[in-house]
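Right, one structure below, let's go through it.
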Amino acid sequence: MRLTAFLLPLLGTPRASLASQQAHQPPLLQTTVTLLVAPSQQLPNPNSLPPSTRATLSALNKPYSSAPITLDNTFVFHNVTPGSYLADVSSVTHAFAPLRLDVVRDADENGEGLTVRAWETFRGNEWGNKGEDMVRVVGKGGVQGGKVVEVRCLGWKGFYLERSKFSVLSIFKNPIILLSLVSMGLFFGMPKLVENMDPEMRAEWEENQKKNPMNALMGAASGQPAANPMANFDMAAYLAGSGKKEDGNGKKKR
Amino acid sequence: MRRATTLLAGLLAILPAAAVYQDEVGHIDYHYTLLGVPQRETTFFHRPRRDDRASLLYTLSDEGVLGAVNPGTGAVVWRQQLSRSKNTPNEQEEEEKGQQGFARAGEGENWVVTGYGDTVSAWDAVGGRNKFWTRYAGKIKDLEVMELTEVEGRKDVLVLSEEDSGATVLRRLNGANGKVVWEFRDSGKDVPLQVSTDVAKVFVVSLRGSRGAYNLKVSSLDTLNGKRLDEWIIGTKADVHGKEDVQLVGANSAAPIVAWTDDAHKVLRVNVLGLQTRQEFPLPEGTVGVEVHAPHLVQSQPHFLVHSKTATGHRGEVYHVDLKNGQISKAYDLPLLPGPGAFSTSSNGANVYFTRITQDEAILVSSQSHGVLGRWPLKNEDTKAAAVHAVAEVIKKSGSTDNFAIRAAVVTDADEWTLVQNGNVAWTRPEGLSGGVAAAFAEISESEELARTLEQEAHANPLAAYIHRVQRHIHDLQYLPAYLSAIPARVISSLTGADVVPTAGGKLQRDSFGFHKLIILATKRGMVYGLDSGNFGTAVWNQRAFKIPRGSKWDVKGIHVQEATGETTIVGANNDFVTLKTDTGEIIDAKAPSGEATTQSAALVNTASGQRLLRIDHVGSIGNLPVDQAPKQTVVTQVSDEDLKGVIFVADGDTSYETTAWTFSLPKGQKIANIATRPPHDAVASIGRVLGDRTVKYKYLNPNAIVVAAANAGARTLTVYLLDGVSGQILHSAKYNGVDASKSIECAMAENWFVCTFFGQYSLRENAAQSLRGYQIVVSDLYESDEPNNRGPLGDSANFSSLAPIDNPDGVALPSVVSQSFVLGAPISALEVSQTRQGITSRQVLAYLPDSHGIAGIPRIILEPRRPVGRDPTPGELEEGLVKYFPAVEIDPKSIITHERDVLGIKKIVTAPAVVESTSLVFAYGVDIFGTRVTPSYLFDILGKGFNKASLVGTVLACLVGVLMLAPMVRRKQINLRWSAPM
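Just so you know, the sequences run in chain order A and B.
Residue numbering for the first sequence follows full-length UniProt numbering, beginning at 1 and increasing consecutively.
Residue numbering for the second sequence follows full-length UniProt numbering, beginning at 1 and increasing consecutively.
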C-alpha cells in the first residue's frame, strides 16, 4: 500500500499531460520573469499604484498570461516558455511603455538555461526595432540572480479636460485687445492734444504731417486724396472673381 | 526618430477626443462598484492588522471577485477579479461555469489567500496587492490555511487540486512566499472533496465509488512532510449521494468534522475527522436543507450547530464534541421559527457564539447554553427580504458580563448584501446588479391618462372637445400654485448648476432632453431590474423572474422592449421566457427554465402581429410557425461553427413553413469567431460623404449586411466576410495573417463601416523582414463605387434589391471597400458604436479595456481608413478632417469615458439615442454597472455645465446699469446739441 503510493507519483509523471509536467517538474524550458516598477520622475512612489494594476505577456498562440502587482511593485510571471512576448503594464492611473520581452535559450549552459532579454518597443513600428535594454540587476529581492525587467512609466493619465474660465483680466491679456486699446487712445487722445496746442505749433505740425510719407497711407482715413493703391480697389470685381489679377498686376506696373 | 513617431501618434490621438470634464463626474455618469453576491463559505470578517482591532469584511463572490469592504460604510476598500484568467469571452464563460472559488485568511495574518480555477494567490489584506501567486495543473478543489506550523509565526496554505488525469494532489505552500513545502499525490480515481487539518494531521477527504453511491475516504497525512499516515473509508454502505451533500466544517479547530445527509434529509451523519466511525442524528420532519456551522479556531470549543431548513421555517441544534473520545452529544435546540433565517458562528477565544438572523430579529446565543445573550429587533422597512446566509462579528463589551454588540453581514434573497448592526441596517449593497446577462433601454411610458384624453378630444366633435379641453385646463389649474412655488427653486438650481430631477409624485417622467430612460437589466441569478438612466441608475423596481439554483446561471438569449404595449420580453436558453411590465416590473407571463438548453439564440423579427423575439435552436432551425407569428424577413441563423443559413417562411394556410433560402459554409478549418450586424436603430444623416474637393462618395448602406469573422486556429488566419443577409451573397472578404484565434476577436458595424479587433503578429507584405505584433483594429468603409460622384452600377435608382441585382458584366454590384488597420495601445472588448437620434453626430467606437478597467470611446475620425498614408494631407483632406496615418492608436486617457473609475468585468455595452442629437446614452454591465452620456461631437445643442449662467445674468445686469447711467448723459448731450448755438 505504502509502496504503491510512493511509486505512483513516479509512474504518473510520464503519463501526465504536458501541463502537469510543467507544474511539478520545474524549469527545463520555463523560467520566471519579473517586471519591476522602479521609482522615477514620472512616478516617484510606485506604492501608490492601485492594486488593480496588472501586467500581461502576449504572443501569438501562447496562453493569456497576466500578473497582478505585488507589494514590492513587481509583476511575477511563472512558467514562461521561450518566445518573444509583448509585455504591457496597465493601470488605471498611470501609463507605461510597452516592452519586447524575449525568453531565449542560454547558449552557455548547454542550452538548458533560459535568458530573459527585454527592450522597449514601439507600437506600430517594426518588432525588430528595439529601444533601450530594460534588464536591470537589482541588489536583492529579485529572482534569478537579482535580474528584473524594468518598466518605464510614461506618466500620469490625465482624464479630464479643463474648462475655459471667464475672467476680466484674461481679456486684457489678449494682445489684440491691448493694441486696439492703444489705437483707441490715439484716436480719442490725438484730436484733444492737437486742440490744446498753440496755433503756431499746430500749423507747423500740420505742415509736417503733409510732408510725412506715412501720411500717404493715412490719407484715406483723414479724407485727403492721395496716391493710395488701395483706393482704386474694385470690391465688386474682386468678389466676382474676375480680372483681379490683371488689375493688380497692371497697377503694380504702373 | 522612432520616438518622435510614437509621440506624434500619441498627440494625434489627443486631438479630436471628446473628454469628460471634472465637474461632470457624478453628474452625467454613475457607477456601481460591485463584487457579486457573496458566498457563504468565502465571506468573513478578518483583522488585517494584528494589533488593530478594526476588521474588514472580505468576500469572494459568485462573480469570482475578491473584495474587502469597510464594514462601517459599506465602501469597497479593494477588489481583485480572479475570474479573468482567459482572454476570450467564450473561454471565460466556459471557465466560470461550475467554477468554485475559495478564500481563507489566517487568524492574525495580514494576508488573504484565494484559490480560483487553477491559480492560488495571496493578497495583502490591507491594500489588496498581490503577495504571491502560482498556477498548477488541474482544478483547485479546496484550500485551507494551516494555523499551526513548525515555524513560529508562519501560517501555511494547503491546496487540494484535481488534475485532468483524475489524480488528487495536495500541496502545502509556504505562507510567506508561496513555495511548495511538500506535495502529496494520489493517482486513484477518487473525487477529491476537501482538505482539513487539526493540530497534528492533515486530512484529505475524497469520494470513492460511482455516481450516486459514494463512500467517504479519508487520508491522514503528516503535517511535516506530507507522507500518508493512514487511509480509511467511513462506513460500509455507499450512502453519499454527491459531493454537494458533504459538508466539512471546523478546519483548524480542535475537532474538525465532516457531515452529510441522505437523499431524503432524514438523517445527518457526522464523522469527527481522525475517527473511523460515524454517528447519526435524526433531522426534523420536513427538512429540505442542512447547513453545519462550526468555529475555525484551535482554541475554540469543539461545538457545532446544525441549521435545518424546512419549507416554512428553520431551526438549529447545537452539538458538542467530546475531545477525549470523539463522542458527539446534542447540547440544546434552538426553536423552530417561521420563515427563512441564517446562522453564523463567531468565536472569541474559547467562547463560541451563534448569531441567528430571522426575518424580524437577530438573536445571539452562546454555544454552551441556550440562554439568549442578546436580542435585537430588526428595524428594517423592507420586510420582504429574507436572510440567505450571514457572517457575524460579536464583540463583548467590557464592564458588564452579558453586554454584547453584534454586526452581521447578511445576504438576502433579493441578492442584496446588508450590514445589520445591533438591529439597525448600517448599509445595503445592491450586489444583485452584478452578473448582468442582458440589458435594454426602454422609453418611460408617457402618462397614459393624458394620452387617452387627448385621443378622446381628437375623436369628439369640435364643440365637445373644446368644452372638454377647457374643463381639463381648469382642472389643471390646481397644479398651478405648486408649479409657481417650484419656480424659484428651479431658477436657483439652474443658476447654481444643481440637478433637477423631474419626478412628479415619485412617478417617472420623461425629460425634454431624453436622458431619462429605463434600463431593463437581467442578471444571471434570475433577477430583473429597472434602472433610471437619468437618475444615476437608481433601481426603480426589481423583480425576481426565476429562482436560479446556485451554480447555474440564467442564460438569457434575447431581450426586447415593446414600446407600444409597455412590455418587456426576455427569452432564455432553456425554453423559458418572462414578460414584464416595463414601468413596474410586474410579471405578466412567464415560463420557468427547463433542464435542457434548447435555444441557441433569439432574433428580433417583424411579423404580422408586430415585433417578436424568435427562438433559434442549436442547429439553426426555427420550426414552423402560425402565419401571424412568422417573420416577414429572412432570418439568418447559425447552423454550426462553420455554417450559416438564411431562413424564410412560406405561408400555406394557417401555418408558415420554414424554408432554407441560402447556406453559407466556411472553408475547412475556419470557425465563426464573431458576427456583427448594424444596430436596429442606425440613423444615417447623409447618404454620401462630401470630400474636400466638393465631390461626393456615396455610402453603401445595405441594411442586411452582416459581418462574419471566421478564424482558422491552425493556419492562424482571420477572414472577415461581409454577407448580404437576404441573398447570402459574399459582398466582400478580407484575410489577415498571424491572428491568434485564442484571443478575443470582435467586430462591430454601423452605417457603412465596420471594425474588427484581434491580436495579430505577422510579417509585412511589402517587406517580409519586417514584422509587427500587437492588438489591432481594422476599419473598413463601404462605398457604392471607387470614384466620387459615381454611384456605380446603381446609377440613379433610389432602391436596390439584394435578390434582383442590377446587371453588371462582373456580376452583382459589390461595394467598394476602403480598409485600414491600426495597432492599438491595449486590448479592447465589448465593442459598441454610439447611437444618436438622427446620426448627424459623428460616431464613437465604445470598447471595454479589460486590462485597465475602463471604457474607451475611440472617435471614428481616428479610425478613418481614408487617412493619407506616408504623406501629409492635402488642404482638401484637412478640410475633411483627415490627418496623416500613423499605425499606432494609443488609447488616450481623455477618451476614456469612465475616467478614474475602476469599472470591473464589463461584458457588454448598450447605447441608445437621447432626444437631443448630440448625446448618446451608454450603459455597460457585467460585474459592475456603469452608465454615462457621450457626446462624440461635443455638446452642441444644449447648454452644458460649462455654460456660466451667473456670468450671463451678470453681464445683462452690467449692461442694464450702463444703459441707465448713460441715458441721462446722452439726453443732456442731445438737448445741448439742439439749444446751443451752431459753431
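Glycine included, each C-beta is placed from N, C-alpha and C at the ideal position.
Buried/exposed call for residue i, threshold 16 Cβ in 10 Å
i	result
residue 157(A)	buried
residue 184(A)	exposed
residue 134(A)	buried
residue 467(B)	exposed
residue 411(B)	buried
residue 959(B)	exposed
residue 995(B)	No answer is possible for residue 995(B): it lies beyond the span of chain B, which begins at 1 and ends at 983.
residue 749(B)	buried
residue 527(B)	buried
Supposed contact pair residue j and residue i - C-beta distance, whole angstroms, cut 8 Å
i	j	result
residue 219(B)	residue 204(B)	5 Å
residue 725(B)	residue 646(B)	7 Å
residue 856(B)	residue 909(B)	Not confirmed; about 11 Å, so no contact.
residue 337(B)	residue 313(B)	6 Å
residue 73(B)	residue 427(B)	7 Å
Contacting residues, own chain, Cβ-Cβ under 6 Å from residue i (five flanking each side not counted)
i	result
residue 202(B)	221 and 223
residue 1016(B)	In the structure as shown, chain B begins at 1 and stops at 983. Residue 1016(B) is therefore absent and cannot be evaluated.
residue 171(B)	159, 180 and 183
residue 756(B)	709, 720, 747 and 778
residue 585(B)	530, 541 and 543
residue 816(B)	783, 785 and 786
residue 740(B)	759
Span separating the alpha-carbon of residue i from that of residue j
i	j	result
residue 107(B)	residue 409(B)	19 Å
residue 88(B)	residue 745(B)	Residue placement at residue 88(B) is poorly supported in this model, since its pLDDT is 47, which falls under 50; the coordinates are not used for a value here.
residue 562(B)	residue 630(B)	17 Å
residue 614(B)	residue 104(B)	46 Å
residue 333(B)	residue 367(B)	11 Å
residue 231(B)	residue 121(B)	30 Å
residue 377(B)	residue 405(B)	13 Å
residue 55(A)	residue 927(B)	21 Å
residue 255(B)	residue 69(B)	31 Å
residue 722(B)	residue 676(B)	10 Å
residue 300(B)	residue 215(B)	30 Å
residue 278(B)	residue 323(B)	15 Å
residue 651(B)	residue 718(B)	39 Å
residue 369(B)	residue 297(B)	20 Å
residue 171(A)	residue 952(B)	16 Å
residue 294(B)	residue 258(B)	11 Å
residue 153(A)	residue 233(B)	58 Å
residue 132(A)	residue 97(A)	11 Å
residue 56(B)	residue 394(B)	14 Å
residue 190(B)	residue 239(B)	15 Å
Close beta carbons around residue i, own chain, < 8 Å, minus the five adjacent residues each side
i	result
residue 764(B)	770, 771 and 772
residue 819(B)	734, 778, 779, 780, 781 and 865
Pick from the options that is closest to residue i, judged by C-alpha positions
i	options	result
residue 100(A)	151(A), 71(A) and 81(A)	151(A)
residue 548(B)	509(B), 435(B), 819(B) and 422(B)	435(B)
residue 156(B)	306(B), 979(B), 687(B) and 252(B)	252(B)
residue 57(A)	194(A), 34(A) and 164(A)	34(A)
residue 552(B)	260(B), 100(B), 414(B) and 130(B)	100(B)
residue 668(B)	682(B), 642(B) and 662(B)	642(B)
residue 887(B)	862(B), 896(B) and 876(B)	862(B)
residue 266(B)	525(B), 309(B) and 302(B)	309(B)
residue 264(B)	929(B), 285(B) and 658(B)	285(B)
Spatial neighbours of residue i in its chain, beta-carbon cut-off 7 Å, leaving aside the 5 residues before and after
i	result
residue 902(B)	853
residue 913(B)	681, 835, 836, 837 and 920
Residue i Cβ short of 8 Å to the ligand SAH heavy atom set
i	result
residue 165(A)	As for the ligand SAH, it is missing from this structure, which has no ligand bound.
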